[in-house]
Amino acid sequence: MPRPNAAMLLLVGLVAADVVLVTGAIRSTHVDTAQMARAMDSATAPTSAAPSPKGSAATATAQSETKSGSGKVIVAALSDKRAWRAVSSSVICSPDSEAADIGRSQNGGKDWTTVKVPLNTVSGLSYAGGRVIATGMDASCQPAAYALSSSDAPSVTTKEPTWVIDPADPTKLMSSGGSVAKQPCSSGLLDIAANSKSDVVALCGDHSIEHSTTAGDSWQQERGGSKVLAIATGTNTIFTASRAKCGISVAAVPGGDNTNCVAGTKDWSGPVDMTIVGGTVWLATADDAVTEPVADFT
1 MPRPNAAMLL
11 LVGLVAADVV
21 LVTGAIRSTH
31 VDTAQMARAM
41 DSATAPTSAA
51 PSPKGSAATA
61 TAQSETKSGS
71 GKVIVAALSD
81 KRAWRAVSSS
91 VICSPDSEAA
101 DIGRSQNGGK
111 DWTTVKVPLN
121 TVSGLSYAGG
131 RVIATGMDAS
141 CQPAAYALSS
151 SDAPSVTTKE
161 PTWVIDPADP
171 TKLMSSGGSV
181 AKQPCSSGLL
191 DIAANSKSDV
201 VALCGDHSIE
211 HSTTAGDSWQ
221 QERGGSKVLA
231 IATGTNTIFT
241 ASRAKCGISV
251 AAVPGGDNTN
261 CVAGTKDWSG
271 PVDMTIVGGT
281 VWLATADDAV
291 TEPVADFT
């Protein structure tokens with residue numbers, strides 16, 4: 001989500017899955033949602049049979065296709081009403097890349113207010129020092145981190161979120177400013193979600209799910225699926241968001257038998273991110289967002 005000099009401070013300050021919180025969801029790319037839920041306003045991411053739609057959608061606005069190309073969506077929630085979302089047109093920075101689209105919602109995802117943040121790519125929306133931290137690459141394709149606020153302009157920060165996908169190398173997971181002892185994925189990272197400094201989950205490029213309770217020293221594989229797009233954590237449960245005939249389906253891991261399609265998501269395309277805060281699941285794309293009770297999927 002080492003301090004030899006100022007340049008190194010900025011790099012380590014980058015340390016997401018959802019999400020979202022986010023995080024959990026410490027990024028999709030998520031945040032530690034227990035901490036995220038305590039953030040103040042100043043800090044204001046496989047089934048062939050179609051499950052029956054459940055719940056109601058609040059229409060508004062991982063690595064796949066966005067409307068502007070191959071990119072990433074991250075949602076980090078503060079409550080059932082408030083969340084931040086970042087949309088990058090690519091996970092790889094180039095000097096001519098368009099700026100990432102970062103916004104906040106205060107009505108459950110119905111409306112989003114754009115916040116200008118000088119980042120071309122965003123690899124994580126994380127929680128650190130009482131603030132939401134956006135980490136990524138700036139217009140010069142150098143690592144940068146900004147503290148976000150609902151009332152003030154974004155500010156450069158050296159705060160260190162615990163878990164984040166490396167903005168300079170989106171195949172690598174970082175912990176507190178450095179690479180983890182053992183990388184979870186050989187096929188690249190699509191999403192991360194965390195419960196604590198030692199408990200983190202990774203969605204790999206081959207859609208497998210790896211879980212560490214040892215701060216990244218060791219990993220064990222969890223039940224996943226070829227259609228998993230995003231992951232989130234809630235208490236001791238991992239949740240997956242997958243594409244289905246009915247739209248986006250959410251299931252708990254382990255188990256996953258209580259799979260429910262989320263109403264209003266049938267026409268969704270492109271990257272999807274998920275985060276859990278309290279008793280609420282947030283799902284978001286570049287153009288839409290919905291919230292549902294966690295109880296619908298447990």
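Those letters in the sequence shown? Residues 1 to 298, per full-length UniProt numbering, in order.
The C-beta atom is built at its ideal place from N, Cα and C for all residues, glycine as well.
Verify whether the separation of the beta carbon atoms of residue i and residue j is less than 7 Å.
i           : j      : result
residue 321 : Gly247 : An answer regarding residue 321 cannot be provided, because it is not within the stretch 1 to 298 covered by the chain.
Thr171      : Leu189 : yes
Asp273      : Ile74  : yes
Thr233      : Asn195 : yes
Leu119      : Asp96  : no
Glu160      : Ala134 : no
Gly225      : Ser242 : yes
Arg131      : Ala144 : no
Ala251      : Thr298 : no
Ala83       : Ala77  : yes
Asp191      : Leu203 : yes
Report the option in the options whose CA atom is closest to the CA atom of residue i.
i           : options                        : result
Gly71       : Asp101, Glu160, Ser126, Ala134 : Asp101
Gln221      : Leu229, Ala230, His207         : His207
Asn260      : Lys81, Asn120, Ala244          : Ala244
Ser175      : Lys116, Asp80, Val200          : Val200
Thr157      : Gly225, Gly136, Asp166, Ala263 : Gly136
Ser79       : Pro95, Val87, Ser105           : Ser105
Val294      : Glu98, Val115, Thr237, Thr113  : Thr237
Trp282      : Ala99, Gly108, Glu210          : Gly108
Val262      : Val290, Gly278, Val277, Thr235 : Val290
Asp169      : Ser212, Lys81, Cys141          : Cys141
Lys197      : Arg223, Ser249, Trp268, Val164 : Val164
Gly278      : Ser249, Gly264, Thr235         : Thr235
Asp154      : Val115, Arg223, Gly264         : Reading the sequence as shown, one finds Pro at residue 154 and not Asp. Comparing Cα-Cα distances from Pro154 to each of Val115, Arg223, Gly264, the minimum goes to Val115.
residue 300 : Ser212, Ala193, Leu229, Val117 : Outside the displayed range of the chain (1 to 298) lies residue 300, so it cannot be described from this structure.
Ser149      : Ser212, Lys81, Val117          : Val117
Can you have a look at residue i and say buried or exposed, based on whether 16 or more other CB atoms are within 10 angstroms of its CB?
i      : result
Asp111 : exposed
Asp288 : buried
Thr162 : buried
Thr280 : buried
Ile231 : buried
Thr285 : buried
Ser186 : exposed
Glu292 : buried
Thr275 : buried
Pro254 : exposed
Ala7   : Residue placement at Ala7 cannot be trusted, given a pLDDT of 40 that sits under 50; what the coordinates show is reported in the next sentence. Exposed.
Asp152 : exposed
Glu210 : buried
Gly264 : buried
Gly177 : buried
Glu98  : exposed
Run through the DSSP bridge pairs and tell me what residue i is partnered with.
i           : result
Arg131      : Ala128
Pro143      : Met137
residue 302 : Absent from the model: residue 302. The displayed extent of the chain is 1 to 298, so no value can be given.
Gln221      : Glu210
Gly177      : DSSP, once it has assigned bridges, lists no residue as partnering Gly177.
Ala287      : Strictly speaking, residue 287 in this sequence is Asp, with Ala absent from that position. Paired residues: none, contrary to the question.
Ser155      : Ala147
Trp163      : Ser175
Val272      : Bridge partners of Val272: none, in fact.
Ser105      : Ala83
Ser242      : Val228, Ser249
May I ask whether a heavy atom of the ligand ATP can be found less than 6 Å away from the beta carbon of residue i?
i      : result
Ile276 : Judged by which ligands are present, the structure shown has none, so any question about the ligand ATP falls away.
Taking only beta-carbon atoms, is residue i less than 7 Å away from chain D?
i      : result
Thr275 : Reference to chain D is not applicable here, since this structure consists of a single protein chain.
Stretch-stretch touch, CB-based, cutoff 8 Å, three pairs: the segment 209-219 with the segment 180-200: Segments in contact, yes.
Given 8 Å, three or more beta-carbon pairs between the segment 79-92 and the segment 121-129: Output reads yes: the segment 121-129 touches the segment 79-92.
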